[in-house]
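Below: one structure, written as structure tokens.
Residue numbers (the numbering used here), protein chains in the order written: chain A, 1 to 322; chain B, 1001 to 1322.
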């Protein structure tokens, strides 16, 4: 099967339609009609087999996760998902693999009404690069530079679960002490992250800075600090942890690992103190868990306090070149 | 050096500024302001070392060519270049390599006023994926489906030179019979293709279909035929060839190879007969070589005539999976 047939068969017909796509897959360019008065939020993420996901990861999960991590960048800006380009390198043509990949991809693309507008298929080591575009009013964007001294720091969901999933995925014989149901939960957290699109959109009503936790809470929060010219003080005992993670650590969470574990794709965001009550109420109404874990301070950097003890953070998040 | 430092050092400051970039590299997303009343033309291309360029290719040439092939897609639509995202996989961090890569990249980005708005750097086999956005009025776009029976078929520049450059690049001991100046010309055609942005923009004034020749004249023209529901009849003796290519073939061009040779990034386009005189004049005024090589016909497919002899085309363009 030629590359062109591949493109036609798997990509052209597999995606939902949107009225703002004037010309879709199949020409030199897609032609798109952006909504009047809105700005575009654009992000790119690459996932490489053996680097960003274990080589044993199922095609369906790779398809899902590739889109999820890109949607997560839109979530961290508060944007509304619209269009996506997919560049995929494959060692060889494999129809079954591609079908499975697109099933996972489409599960999310349908949920968030994001349409595939083009891409490229090439022969090479398995690698996926996605470019995603969403709509946003620039003034409402959850820029990293929006944080101010005194703002409360929040995080959605729980932290560290994907890391346990990763350890389990890389080592079948890992002694986790977890039940298979608990282990499965952690693997789902690794392979099927939920982009916090709704949370990001709700935060547009508040003066929030936000980032998605891809490299680890510590280093991602540091990005907010740097961009805003402030610091952060974390109360580790308030960081939300799942019962599965607590079971894995026998009730004694390894904070050094947890705050440097990436791949959770929860949102870390700030909120001015006078908006906290309203914001919390809005999140509750939409059944989104959001937990206060600290506050922004003047002193640069991120200080992590475990009750009265200050944690000396050794690592600095996941680094692709380490 | 961490990935983040890399991004900052090489990408953030290396690119030109545009007023329509409200937020550039350094947040979860870039925020862009599209021009009112225009549509967006978007394309993605991946270049993999050893597949799309010889492993021996210089970093500067890779940087140049990565952007050139993407600009070429905008050219084939008649669009005005604006923004570009760059995803790059590198086996390891190499400052010299990255600087060289960006020098080649920036040479073109400055020429066409296209700004780097984001991207991703990851560890992996050398691979570059670029997503490019340009502006276009949808009604003026040079869609592949615009061709009609009777239209003249044109091509810019000359065809087949990049293929000779590729042969020479892959085999240092290749007996070409070319002078070093001639060989250098072919290598330049391989490594430094000129995206036909101006030609594409000029063609918006005419009822043209266009495609850039990336996979080979034969197969690329076939795409126009298929999209337009018509066929094409080529007069091979009219296909423009360089003196270098003619020297390589000792004056007897190997058509089978030439029409299936890719990587030229010239434009192949159609023009209604009643617009040919005006179009030719416009091209001449802008010093763009455009040669008539055939016409669109009713019979589907691409027929290639060498004077009175019909060529049975064996191959069907460059295929990444062959």
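Using N, Cα and C, we set each Cβ at its ideal position, and we do this for glycine too.
Sheet register partners of residue i (DSSP bridge)
i	result
residue 81(A)	134(A)
residue 154(A)	269(A), 292(A)
residue 43(A)	132(A)
residue 1087(B)	1120(B), 1129(B)
residue 53(A)	49(A)
residue 23(A)	31(A)
Below-8 Å beta-carbon distance, residue i vs any chain D residue
i	result
residue 1113(B)	In summary, chain D is missing from the structure at hand, where the protein chains are A and B.
Cα-Cα separation, residue i to residue j
i	j	result
residue 1221(B)	residue 1195(B)	18 Å
residue 249(A)	residue 148(A)	34 Å
residue 1272(B)	residue 1057(B)	41 Å
residue 1303(B)	residue 1232(B)	6 Å
residue 1204(B)	residue 269(A)	47 Å
residue 124(A)	residue 1046(B)	10 Å
residue 167(A)	residue 92(A)	28 Å
residue 1109(B)	residue 1095(B)	20 Å
residue 1257(B)	residue 1246(B)	13 Å
residue 311(A)	residue 171(A)	29 Å
residue 169(A)	residue 84(A)	28 Å
residue 1287(B)	residue 207(A)	54 Å
residue 1192(B)	residue 1107(B)	11 Å
residue 1294(B)	residue 97(A)	42 Å
residue 1313(B)	residue 1052(B)	23 Å
residue 1321(B)	residue 1224(B)	Residue placement at residue 1321(B) is flagged as unreliable, the pLDDT there being 45, under the threshold of 50; the coordinate-derived value follows with that caveat. Cα-Cα distance, rounded: 22 Å.
residue 283(A)	residue 275(A)	12 Å
residue 296(A)	residue 189(A)	28 Å
residue 319(A)	residue 187(A)	Because residue 319(A) carries a pLDDT of 49, less than 50, the predicted location of this residue cannot be relied on, and the following value inherits that uncertainty. For residue 319(A) and residue 187(A), the distance between alpha carbons rounds to 21 Å.
residue 1308(B)	residue 1298(B)	20 Å
residue 1001(B)	residue 18(A)	Low confidence applies here, because residue 1001(B) scores a pLDDT of 46, under 50, leaving its location unreliable and the question unanswered by this model.
residue 1070(B)	residue 111(A)	30 Å
residue 20(A)	residue 1138(B)	12 Å
Beta-carbon separation (whole angstroms), residue i vs residue j, contact threshold 8 Å
i	j	result
residue 1036(B)	residue 36(A)	7 Å
residue 1142(B)	residue 1200(B)	6 Å
residue 1074(B)	residue 1197(B)	7 Å
residue 236(A)	residue 306(A)	4 Å
residue 16(A)	residue 173(A)	Contact flag wrong, Cβ pair sits at about 42 Å.
residue 144(A)	residue 209(A)	5 Å
residue 126(A)	residue 49(A)	4 Å
residue 1068(B)	residue 1265(B)	7 Å
residue 116(A)	residue 11(A)	6 Å
residue 1228(B)	residue 1146(B)	7 Å
residue 76(A)	residue 234(A)	The pair is not a contact, with the Cβ atoms about 19 Å apart (cut-off 8 Å).
residue 1033(B)	residue 1023(B)	Not a contact, Cβ separation roughly 10 Å.
residue 960(B)	residue 1280(B)	With chain B covering only 1001 through 1322, there is no way to say anything about residue 960(B).
Contact test: residue i Cβ vs the ligand ADP heavy atom, cutoff 7 Å
i	result
residue 1098(B)	Ligands are entirely absent from the displayed structure, and the ligand ADP is therefore not among its contents.
Legend entry - Length at least 3, wholly inside the region 1280-1322 of chain B: the beta strand (DSSP E) runs in chain order: You should have 1290-1297, 1301-1306, 1309-1311.
Legend entry - Three-pair Cβ contact test at 8 Å for the region 40-53 of chain A versus the region 21-30 of chain A: Segments in contact, no.
Inset, instruction - With a floor of 3 residues, list each beta strand (DSSP E) that falls wholly inside the region 162-214 of chain A, ordered by position along the chain. - result: Segments of the beta strand (DSSP E) lying fully in the region 162-214 of chain A: 210-212.
Inset, instruction - Enumerate, from N- to C-terminal direction, the unbroken alpha helix (DSSP H) stretches of 4 or more residues contained entirely within the region 1096-1145 of chain B. - result: Listed in chain order, nothing qualifies, since the region 1096-1145 of chain B has no complete alpha helix (DSSP H) run of 4 or more residues.
Inset, instruction - May I ask you to verify whether the region 1144-1162 of chain B touches the region 1094-1105 of chain B, counting CB pairs closer than 8 Å and requiring at least 3? - result: Under the Cβ criterion (8 Å, minimum of three pairs), the region 1144-1162 of chain B does not count as touching the region 1094-1105 of chain B.
Legend entry - Runs of beta strand (DSSP E) wholly within the region 202-277 of chain A (minimum 3 residues, chain order): Fully enclosed beta strand (DSSP E) runs of 3 or longer: 210-212, 231-235, 267-271.
Inset, instruction - Say whether the region 1242-1261 of chain B touches the region 1205-1219 of chain B, bearing in mind that this needs 3 or more beta-carbon pairs closer than 8 Å, one atom from each stretch. - result: The region 1242-1261 of chain B and the region 1205-1219 of chain B touch, with no fewer than 3 CB-CB distances between them shorter than 8 Å.
Inset, instruction - Would you be able to state if there are at least three C-beta pairs under 8 Å between the region 103-121 of chain A and the region 69-88 of chain A? - result: At 8 Å Cβ cutoff, the stretches touch.
Legend entry - Meets three-Cβ-pair contact criterion under 8 Å: the region 243-257 of chain A and the region 121-135 of chain A: No contact exists between the region 243-257 of chain A and the region 121-135 of chain A.
Inset, instruction - Say whether the region 61-68 of chain A touches the region 169-183 of chain A, bearing in mind that this needs 3 or more beta-carbon pairs closer than 8 Å, one atom from each stretch. - result: No, the region 61-68 of chain A is not in contact with the region 169-183 of chain A.
Inset, instruction - Decide if the region 233-248 of chain A is in contact with the region 159-175 of chain A; the criterion is three or more beta carbon pairs, one per stretch, under 8 Å apart. - result: With a cut-off of 8 Å, the region 159-175 of chain A and the region 233-248 of chain A count as touching, because enough Cβ pairs lie within range.
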